[in-house]
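2 protein chains.
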Amino acid sequence: MHFNMKSTSVKELLSGNLLLQEVTVNGWVKTFRSNRFIALNDGSTINNIQCVVDFEEFDDSILKQIATGAALKITGTLVESQGRGQNVEIQTKNIYVHGIADPETYPIQPKKHSLEFLREKAHLRIRTNTFAAVMRVRSALSFAIHNYFRQNDFNYFHAPIITGSDAEGAGEMFRVTTLDQKNPPLTEEGEINHKEDFFGKETNLTVSGQLEAEAYAMALGKVYTFGPTFRAENSNTSRHLAEFWMIEPEVAFNDLDANMDLAEDFIKDVINYILENCAEDLAFLEKRLLDEEKTKPQAERSDMPLIEKLKFVADNNFKRVSYTEAIDILRNSKPNKKKKFSYPIDGWGADLQSEHERYLVEKHFKCPVILFDYPADIKAFYMRLNEDGKTVRAMDILFPGIGEIVGGSQREERLDVLKEKIAALGIDEKELWWYLDLRKFGSAVHSGFGLGFERLVLFATGMGNIRDVIPFPRTPQNAEF
Amino acid sequence: MHFNMKSTSVKELLSGNLLLQEVTVNGWVKTFRSNRFIALNDGSTINNIQCVVDFEEFDDSILKQIATGAALKITGTLVESQGRGQNVEIQTKNIYVHGIADPETYPIQPKKHSLEFLREKAHLRIRTNTFAAVMRVRSALSFAIHNYFRQNDFNYFHAPIITGSDAEGAGEMFRVTTLDQKNPPLTEEGEINHKEDFFGKETNLTVSGQLEAEAYAMALGKVYTFGPTFRAENSNTSRHLAEFWMIEPEVAFNDLDANMDLAEDFIKDVINYILENCAEDLAFLEKRLLDEEKTKPQAERSDMPLIEKLKFVADNNFKRVSYTEAIDILRNSKPNKKKKFSYPIDGWGADLQSEHERYLVEKHFKCPVILFDYPADIKAFYMRLNEDGKTVRAMDILFPGIGEIVGGSQREERLDVLKEKIAALGIDEKELWWYLDLRKFGSAVHSGFGLGFERLVLFATGMGNIRDVIPFPRTPQNAEF
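Now the structure itself:
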């Protein structure tokens, strides 16, 4: 049997090109109504193909096996539909049951399931309309990202996942090891003997590919990573994952302004891609969000429907505001004066909290905001010091409802300044020997940023919890599947 | 300063569209000849732009800083070149030195470096022509892969990297943990208390995303992964990495024949993509390989130059041979009769060694070979048992000079057969509860394969060691950078 031969996808059938022809389609039963109408879906589109069954022509033993979740092969003639809700349907001639789904035990029945319930069934939740739509949009966004960079002459670069350096120091890391856990080899001093580990040293899962991407940018010019990164932080929030995917472009000869231009152009391009290529899935997700928000008080509902919000981001300039301006705005804001902020803004130098970012984006500017030129003290060592000696060329992009979606900077390209900053932090120069080499040999202005992919998917799909936009989420106490 | 403004890439300059215009280019000095000719490269192409300097018009202090590896910004007029070797060149008006590269200490001088030497300098080796060409081809191949699947209506699916299940059992795994290594928490029985680890259980780095991809294929129909996978095997060979990237498509309703069709069509498509889009880099790599092989005895040289070999694969059918036929061929082969194989082929059932695969591909068929229908005993439990009860619907694709590049199978879709195989292996069904669910609910014929990305890059670039086709290789005792 050559199963895929001559079968047609639901998407292709619905396009109507094969009218009056005999067609074969494989898929799963969404619903079976009145012993007559099978709604079949194969994942190629959010829409189903209706297969009309004349139950007098089929054995009861076959009909009994047709239930939500069953896998079928159906052959019949594609005709214009007389009923409402679809343009075409199949007059069923033949049904082959690949596999049944017992309604007594199959959990994905055609009714409303909570997202929490479905998280426990991450291997089956993809069979719901919501998750199939989210994951198709996720896939389209991934492609849009690769496509954008390819068209703009970037080279895709795979940063290492297992890393021997903890240079970025961005939070806690996962250790990677093959040492015996119960009886690890010890040195004479009684310490763990890392020389006997697989890599001959302590290794961790990467928190960022940036430093390595810089090495590649200083030869290939324009590069980007798109790979998994990790944080061993005990954050059980709707915005954090222990394992997530990140996009990190790095461009030689770009300063911070060019970096902001790139980030904004990039985000708009990929949003436009899904607006053009995922219209049906986005319409479904927009309706889902509206339904969900009906139960919420007015103040907690979205300002705009999903697609309008995406178009708004794609069509409007992001507001660029220096940290110093932002502090002024916040200091003079109503919530600050009325002491509504948990962290009141007294003066220059404070790190911005989520409440401040939300105020700026959602209340004050009502659009995506790029904050730049942050105090050096609250940002990473590799960011370029401004001439004022107290701010660095950092930028964060803040999105309504999401918060920080991009963090980036112009990198410190001056060897002496970088060495001073490393020394001030007490980092051993030897740890960063190769990173310093990039400043010794052919150094130049360069910039880059990191975009958390799942936060972009959250924004694009209107979902509320980051666990619902990645296939198998990894969070504290949870690595099932 | 807005550094990227109005600058033009070397690739764009060499296209000749900007003749007689004033242009600005940023890049790194490849060579500086006769105090007059700067060959500048920015990574956008293997070729350099020649910048002609009238040394009488520039300070000695500037000219002294121009050496191999220095980063420059050059402004001048793009003109037709009078010299040989290039069509256009820049009449230099202005030179800005971004960063010098002291010839006394900069390791990447314009001379031949051994690949072994460069491996120790993985942060700088990308500045050589060879590695820049390899990594541009690698990037193009990555895009070709995403593009192929997108055009064929596959959804890209991110398999989890940290996994709580060791179901595939494909070799040794890396443990991922945040437990105190020296004083791990113990249970009352004195065992490691995994409940106190980050995920509340033992976790490892994934060896394959296949099982999770199957879950997604059984809803979205056609999916693929493209992500890092890991093997904690102490294999110090030119073909093995501890961390490598793998592509794993999985398609519902595809049987093994359709799976072979997909794999062959896919490989040909991505090879054609680089033939069309990486002509200059491939020409460079072809020449590099010819030069390298000049020092080797005739018998060890490639049969065909690189580009001819790639075209051969793209244009010719892969030979499909059952395991049983292959055993017959091998049994009757000259090396077997003359006892030249380290593992003589006596009869049916033996696992094929690299020497056998090479004989079939390089001596007997002289083309890529797809072997299929292997003995069940030497293949994984999830492969579909044939009606003969002793072979499974497995396939391996073997490439000349590379060996196995693809391993795949039709999956066992029958719950009872799968349960029997799991029981026979002594695996606890509970470990695979969710994988078995896929057979309980809406099961269907499905197939997929895994392609080791670095092996494809090896083949495409003609490089000899897998450490030279990934930016920062991870191998036993080596996780630098």
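Protein chains in written order, with the numbering used here: chain C, 16 to 496; chain E, 16 to 496.
For glycine and all other residues, C-beta sits at the position ideal for the given N, C-alpha and C.
If contacts are defined as beta-carbon pairs under 8 angstroms, then residue i and residue j qualify, I think. What distance do you get, rounded to the angstrom?
| i | j | result |
| --- | --- | --- |
| residue 176 of chain C | residue 243 of chain E | 5 angstroms |
| residue 200 of chain E | residue 217 of chain E | With 8 angstroms as the limit, residue 200 of chain E and residue 217 of chain E do not qualify as a contact, their Cβ atoms being about 13 angstroms apart. |
| residue 484 of chain E | residue 473 of chain E | 5 angstroms |
| residue 38 of chain C | residue 105 of chain C | 7 angstroms |
| residue 136 of chain E | residue 122 of chain E | 6 angstroms |
| residue 467 of chain E | residue 259 of chain E | 6 angstroms |
| residue 134 of chain C | residue 482 of chain C | 6 angstroms |
| residue 163 of chain C | residue 284 of chain C | 5 angstroms |
| residue 356 of chain C | residue 279 of chain C | Actually they are not in contact, since the Cβ atoms of residue 356 of chain C and residue 279 of chain C sit about 28 angstroms apart, beyond 8 angstroms. |
| residue 494 of chain C | residue 293 of chain C | About 30 angstroms separates the two Cβ atoms, so there is no contact after all. |
| residue 112 of chain E | residue 31 of chain E | Rounded, the Cβ-Cβ distance is 27 angstroms, inconsistent with contact. |
| residue 158 of chain C | residue 231 of chain E | Between residue 231 of chain E and residue 158 of chain C the Cβ distance is about 16 angstroms, and since that is not below 8 angstroms, they are no contact. |
| residue 314 of chain E | residue 263 of chain E | The Cβ separation is near 36 angstroms, so there is no contact. |
| residue 440 of chain C | residue 396 of chain C | 6 angstroms |
Taking residue i as the reference, give the member of the options with the closest Cα.
| i | options | result |
| --- | --- | --- |
| residue 239 of chain E | E:173, E:253, E:213 | E:173 |
| residue 465 of chain E | E:477, E:315, E:226 | E:226 |
| residue 409 of chain E | E:394, E:436, E:402 | E:394 |
| residue 319 of chain E | E:305, E:330, E:275 | E:305 |
| residue 219 of chain C | E:202, E:207, E:189, E:246 | E:189 |
| residue 40 of chain E | E:133, E:430, E:25, E:30 | E:25 |
| residue 254 of chain C | C:478, C:442, C:144 | C:478 |
| residue 116 of chain C | E:476, E:458, E:495, E:490 | E:458 |
| residue 325 of chain C | C:76, C:494, C:476 | C:476 |
| residue 500 of chain E | E:415, E:247, E:165 | Limits of chain E in this structure are 16 at one end and 496 at the other, which puts residue 500 of chain E out of reach. |
| residue 96 of chain E | E:138, E:52, E:208, E:365 | E:52 |
| residue 435 of chain E | E:399, E:417, E:412, E:419 | E:399 |
| residue 401 of chain E | E:337, E:354, E:446, E:449 | E:337 |
| residue 317 of chain E | E:118, E:366, E:301, E:330 | E:301 |
| residue 291 of chain C | C:205, C:309, C:329, C:235 | C:329 |
| residue 44 of chain E | E:127, E:142, E:128 | E:142 |
| residue 504 of chain C | E:462, E:268, E:138 | Beyond the ends of chain C as shown, which are 16 and 496, falls residue 504 of chain C; an answer cannot be given. |
| residue 13 of chain E | C:204, C:209, C:224, C:69 | For residue 13 of chain E there is no data in the structure shown, the boundaries of chain E being 16 and 496. |
| residue 127 of chain E | E:21, E:140, E:277 | E:140 |
| residue 288 of chain C | C:23, C:309, C:153 | C:153 |
| residue 205 of chain C | E:221, E:208, E:197, E:166 | E:197 |
| residue 331 of chain E | E:286, E:378, E:131 | E:286 |
For the ligand SAM, is there any heavy atom lying closer than 7 angstroms to the beta carbon of residue i?
| i | result |
| --- | --- |
| residue 229 of chain C | Within the structure as shown, the ligand SAM is missing, as the structure has no ligands at all. |
**Segments assigned alpha helix (DSSP H), at least 4 residues, entirely inside the stretch 122-169 of chain E** = 130-134, 144-166
**Message:** For the pair the stretch 293-305 of chain E and the stretch 381-388 of chain E, tell me if three or more CB-CB distances fall below 8 angstroms.
**Reply:** no
**Asked** Fully enclosed by the stretch 417-452 of chain C, which beta strand (DSSP E) runs are 3 residues long or longer?
**Response** 418-425
**Item:** the stretch 383-403 of chain C / the stretch 422-430 of chain C touching (three or more Cβ pairs under 8 angstroms)
**Value:** yes
**Request:** Say whether the stretch 70-85 of chain C touches the stretch 437-453 of chain E, bearing in mind that this needs 3 or more beta-carbon pairs closer than 8 angstroms, one atom from each stretch.
**Result:** no
**Request:** May I ask you to list, following chain order, the residues of the stretch 162-195 of chain C that have a beta carbon less than 9 angstroms from some beta carbon of chain E?
**Result:** 162, 164, 165, 168, 169, 170, 171, 172, 173, 174, 175, 176, 177, 178, 179, 180, 187, 188, 189, 190, 191, 192, 193, 194
**Message:** Please list, in chain order, the residues of the stretch 355-368 of chain C that have any C-beta partner in chain E closer than 7 angstroms.
**Reply:** none
**Item:** the stretch 143-150 of chain C touching the stretch 58-65 of chain C, judged by at least three CB pairs closer than 8 angstroms
**Value:** yes
**Prompt:** Is the stretch 342-351 of chain E touching the stretch 364-382 of chain E in the sense that three or more CB pairs, one from each, lie closer than 8 angstroms?
**Reply:** yes
**Asked** Contact between the stretch 88-103 of chain E and the stretch 30-46 of chain E: three or more CB pairs below 8 angstroms?
**Response** yes
**Item:** Members of the stretch 128-145 of chain C that neighbour chain E once the beta carbon cut-off is set at 7 angstroms
**Value:** 138, 139, 141, 142
**Prompt:** When Cβ atoms are compared, which residues of the stretch 51-71 of chain E fall closer than 7 angstroms to chain C?
**Reply:** 57, 58, 59
**Message:** Ignoring anything shorter than 4 residues, give me the alpha helix (DSSP H) runs that lie fully in the stretch 210-268 of chain E, in order along the chain.
**Reply:** 225-235
**Interface residues of the stretch 203-224 of chain E facing chain C [CB-CB below 8 angstroms]** = 206, 207, 213, 214, 215, 216, 218, 220
**Prompt:** Between the stretch 254-275 of chain C and chain E, which residues of the former have a C-beta closer than 8 angstroms to a C-beta of the latter?
**Reply:** 257, 258, 260, 266, 267, 268, 269, 270, 272, 273
**Item:** Selection of the stretch 289-312 of chain C by Cβ proximity to chain E, strictly under 7 angstroms
**Value:** none
**Prompt:** Of all the residues that make up the stretch 456-467 of chain E, which are near chain C by a beta-carbon distance shorter than 8 angstroms?
**Reply:** 456, 457, 458, 459, 460
**Interface positions of the stretch 77-104 of chain C facing chain E (Cβ-Cβ less than 8 angstroms), listed along the chain** = 84, 85, 86, 88
**Request:** Quick one: which residues of the stretch 436-451 of chain C get their C-beta closer than 7 angstroms to a C-beta of chain E? List them in chain order.
**Result:** 449
**Request:** Starting from the N-terminal side, write out each stretch of the beta strand (DSSP E) that is 3 residues or longer and does not extend beyond the stretch 372-417 of chain C.
**Result:** 384-390, 406-414
**Request:** Could you list the residues in the stretch 469-488 of chain C with a C-beta less than 8 angstroms from some C-beta on chain E, going in chain order?
**Result:** 485, 486, 487
**Message:** Using a Cβ-Cβ cutoff of 9 angstroms, what residues of the stretch 107-118 of chain C are near chain E? List them in chain order.
**Reply:** 113, 114, 115, 116, 117
**Asked** Can you give, in chain order, each stretch of the alpha helix (DSSP H) that sits fully within the stretch 333-374 of chain E and has at least 4 residues?
**Response** 338-346, 349-352, 369-373
**Prompt:** When Cβ atoms are compared, which residues of the stretch 227-239 of chain C fall closer than 7 angstroms to chain E?
**Reply:** 227, 230, 231, 234, 235, 236
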